[in-house]
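**Q**
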Amino acid sequence: MPSCVLAYSGGLDTSVILGWLQDEGYDVHCVYVDVGQPCEDRDAIMEKAHNCGAKSARLVDVQEELCRDFAFPVLQWQAKYEGIYLLGTSIARPIISKACLQVAKEVNAEAFAHGATGKGNDQCRFQLAAEALDPTVKIIAPWRIKSFRDKFPGRTELIEYCDVKKIPVKASAAKPYSSDENCLHISYEAGELEEVDNCGVAIPDFGMGVSPQDAPDKTEEVTIGFESGVPVSVNGEKLSALKVVQKLNDIAGRNGVGRIDIVENRFVGMKSRGVYEAPGMTTLYAAHLQLEQLTLDRDLVNLRDRLSPEVARDVYYGFWYTPKMDSLLAFIREAQKPVTGEVKLGLYKGNIEVHGRTSPQSLYDAEVASMEGGGSYDQTDAEGFLRLMGLPSRVQGTVRPREY
Numbered sequence: 020m021p022s023c024v025l026a027y028s029g030g031l032d033t034s035v036i037l038g039w040l041q042d043e044g045y046d047v048h049c050v051y052v053d054v055g056q057p058c059e060d061r062d063a064i065m066e067k068a069h070n071c072g073a074k075s076a077r078l079v080d081v082q083e084e085l086c087r088d089f090a091f092p093v094l095q096w097q098a099k100y101e102g103i104y105l106l107g108t109s110i111a112r113p114i115i116s117k118a119c120l121q122v123a124k125e126v127n128a129e130a131f132a133h134g135a136t137g138k139g140n141d142q143c144r145f146q147l148a149a150e151a152l153d154p155t156v157k158i159i160a161p162w163r164i165k166s167f168r169d170k171f172p173g174r175t176e177l178i179e180y181c182d183v184k185k186i187p188v189k190a191s192a193a194k195p196y197s198s199d200e201n202c203l204h205i206s207y208e209a210g211e212l213e214e215v216d217n218c219g220v221a222i223p224d225f226g227m228g229v230s231p232q233d234a235p236d237k238t239e240e241v242t243i244g245f246e247s248g249v250p251v252s253v254n255g256e257k258l259s260a261l262k263v264v265q266k267l268n269d270i271a272g273r274n275g276v277g278r279i280d281i282v283e284n285r286f287v288g289m290k291s292r293g294v295y296e297a298p299g300m301t302t303l304y305a306a307h308l309q310l311e312q313l314t315l316d317r318d319l320v321n322l323r324d325r326l327s328p329e330v331a332r333d334v335y336y337g338f339w340y341t342p343k344m345d346s347l348l349a350f351i352r353e354a355q356k357p358v359t360g361e362v363k364l365g366l367y368k369g370n371i372e373v374h375g376r377t378s379p380q381s382l383y384d385a386e387v388a389s390m391e392g393g394g395s396y397d398q399t400d401a402e403g404f405l406r407l408m409g410l411p412s413r414v415q416g417t418v419r420p421r422e423y
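Residue 20 is where the sequence shown starts when you use the working numbering, and the numbers rise one by one after that.
#1: For residue 292, list the residues DSSP reports as bridge partners.
#2: By how many angstroms is the C-alpha of residue 32 removed from the C-alpha of residue 105?
#3: Relative to the C-alpha of residue 236, which residue among 369, 50 and 49 is closest?
#4: Just the C-alpha distance for residue 171 and residue 177, rounded to the nearest angstrom, thanks.
#5: If distances are taken between C-alpha atoms only, which option among 306, 68 and 337 comes closest to residue 271?
#6: Can you find at least 3 beta carbon pairs, one from the segment 353 to 365 and one from the segment 238 to 257, that sit closer than 8 Å?
#7: Per DSSP, which residues does residue 77 bridge with? Please list them.
#8: Across the segment 277 to 284 and the segment 62 to 73, are there enough close Cβ pairs to call them in contact, namely three or more that are closer than 8 Å?
#9: Across which residues does DSSP place residue 115 in a beta bridge pair?
#10: Can you tell me where the alpha helix (DSSP H) holding residue 395 begins and where it ends?
#11: Can you tell me which of the three DSSP states residue 334 falls into?
#12: For the beta strand (DSSP E) holding residue 23, just list the boundary residues, first then last.
#13: Taking the alpha-carbon positions, what's the residue 213 to residue 292 distance?
#14: Using the C-alpha atoms, what's the distance from residue 372 back to residue 143?
#15: For the segment 194 to 220, which segments carrying the beta strand (DSSP E) assignment without a break, of at least 3 residues, lie completely within its bounds, in sequence order?
#16: Buried or exposed: where does residue 404 fall if 16 or more other Cβ atoms within 10 Å of its Cβ makes it buried?
#17: Assuming residue 376 is part of the beta strand (DSSP E), what are its boundary residues?
#18: How would you write the range of the beta strand (DSSP E) that residue 250 sits in, first residue to last?
#19: According to DSSP, which residues form a beta bridge with residue 100?
#20: Just curious, the beta strand (DSSP E) that residue 366 is in, first and last residue?
#21: Mind checking who residue 257 pairs with in its DSSP beta bridge?
Here it is, written out as structure tokens:
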């Protein structure tokens, strides 16, 4: 029999796809890539895969690598898709593809199957990553196959199938939205969230923190340490990349930080509405930006800011394993070398305040910046500076006077 690996979450879509692939004549090797899904029972998911007839089922833990080699470089870029989305799902897809292909080599599977729909971004991320790593790989995307769509035209039919087969899934007719979880964030889509005139943050059962309204009535301070732009400590405690994210998820989550509601432009061309929560990463972005303001010069930050939206787009679209991204990641590693120090933040009901920042690489000189006298800055120098800066305007104003 032909065999394939299935990127298996145990959720609604992949539970159905496992059975469908077997009906199509495949031996299916389920691969649960552990990216730190906070609300999932791993043992139960593995057991369900075996009970549903998988040829094999294994868990591959990539949490540390995800934070260290994928999320933190994107953080260093301050990359946010369309100015708001921290790319939690997008960042995880290339490492999931890599883990699945590694298993495929071990079990001699000829195909890589996933449950991403033909309307969404994840099909792009999975396939672009997989084909960059193995140009010969066969991709099976059931949602792009007409016979599968005819059998399961919508989520209602998927849920009914699971009900009949007694397959436990979190989706239901009452709460039909879809969630994607990892240690960086949780996303919520579909169901009631497809209507854009409602309050998105009031609909999902959030899994990483409380609402701002339910957060404590007291500011909680947290200090985050960085070395060369990489988060390395929380409240003075040295931690691994994963532990930093987990610690801040707990702290920021209980203070209602990191929920957004966005209507975004998908790679395939349509607009979609999503609700996201990313308490730890939201806090890291805020702290990292403050430390950059202290340690990086203006021109370097301006260049980074011009390139950052392009990095966000490429991550969002799925172009991770490309020469362009390799080069951009090499650039940001060099650019971030001075970004070392600590930032103290105050978290209060979803808000983030800056309570202090220090760095041995600080470019801030209080004597130069002070409104008081003294320091090495001579205000007389500004006269010549402005005469030179204004020269083009004076010449143009003489030749082409403006009305005023």
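We treat Cβ as the ideally placed atom computed from N, Cα and C, and that holds for glycine.
**A** According to the data block:
#1: What you label residue 292 is simply residue 273 of the sequence shown in a count that begins at 1. The partner list for residue 292 (beta bridge, DSSP) reads 282.
#2: Residue numbering aside, residue 105 sits at position 86 when the sequence shown is read from its first letter. Residue numbering aside, residue 32 sits at position 13 when the sequence shown is read from its first letter. If you take the alpha carbons of residue 105 and residue 32, they lie about 25 Å apart.
#3: Mapped onto the sequence shown, residue 236 falls at position 217. Residue 369 is the option with its Cα nearest to residue 236.
#4: Here the question's residue 171 lines up with position 152 in the sequence shown. Here the question's residue 177 lines up with position 158 in the sequence shown. Approximately 6 Å between the Cα atoms of the pair.
#5: For the purposes of this step, residue 271 is taken as residue 252 along the sequence shown, with counting starting at 1. Of 306, 68 and 337, the residue nearest in Cα terms is 306.
#6: yes
#7: Residue numbering aside, residue 77 sits at position 58 when the sequence shown is read from its first letter. In DSSP, residue 77 forms a bridge with 50.
#8: Taking one beta carbon from each stretch, the segment 277 to 284 and the segment 62 to 73 have fewer than 3 pairs nearer than 8 Å; the two do not touch.
#9: By one-based count along the sequence shown, residue 115 stands at place 96. For residue 115, which the question treats as bridged, DSSP gives no partner whatsoever.
#10: Here residue 395 is taken as the residue at index 376 of the sequence shown, counted from 1. Here residue 395 belongs to no alpha helix (DSSP H), and DSSP marks it neither H nor E.
#11: The count along the sequence shown starts at 1 and reaches residue 334 at position 315. It is helical.
#12: Position 4 of the sequence shown, counted from the start, is the residue given in the question as residue 23. That run of the beta strand (DSSP E) goes 22 to 26.
#13: Counting from 1 along the sequence shown, the entry for residue 213 is found at position 194. Counting from 1 along the sequence shown, the entry for residue 292 is found at position 273. Cα-Cα distance, rounded: 6 Å.
#14: In the sequence shown, residue 143 corresponds to position 124, counting from 1. In the sequence shown, residue 372 corresponds to position 353, counting from 1. One C-alpha to the other measures close to 37 Å.
#15: 197 to 200 and 205 to 208
#16: In the sequence shown, the residue the question calls residue 404 occupies position 385. Result: exposed.
#17: Reading the sequence shown from its first residue, position 357 is the one you call residue 376. Counted as a single uninterrupted DSSP element, the beta strand (DSSP E) harbouring residue 376 occupies residues 370 to 377.
#18: Taking the first residue of the sequence shown as position 1, residue 250 is located at position 231. Here the beta strand (DSSP E) through residue 250 covers 249 to 253.
#19: Counting from 1 along the sequence shown, the entry for residue 100 is found at position 81. In DSSP, residue 100 forms a bridge with 104.
#20: By one-based count along the sequence shown, residue 366 stands at place 347. 360 to 367 is the span of the beta strand (DSSP E), which, as asked, contains residue 366.
#21: Within the sequence shown, residue 257 is the residue found at index 238, counting from 1. 252.
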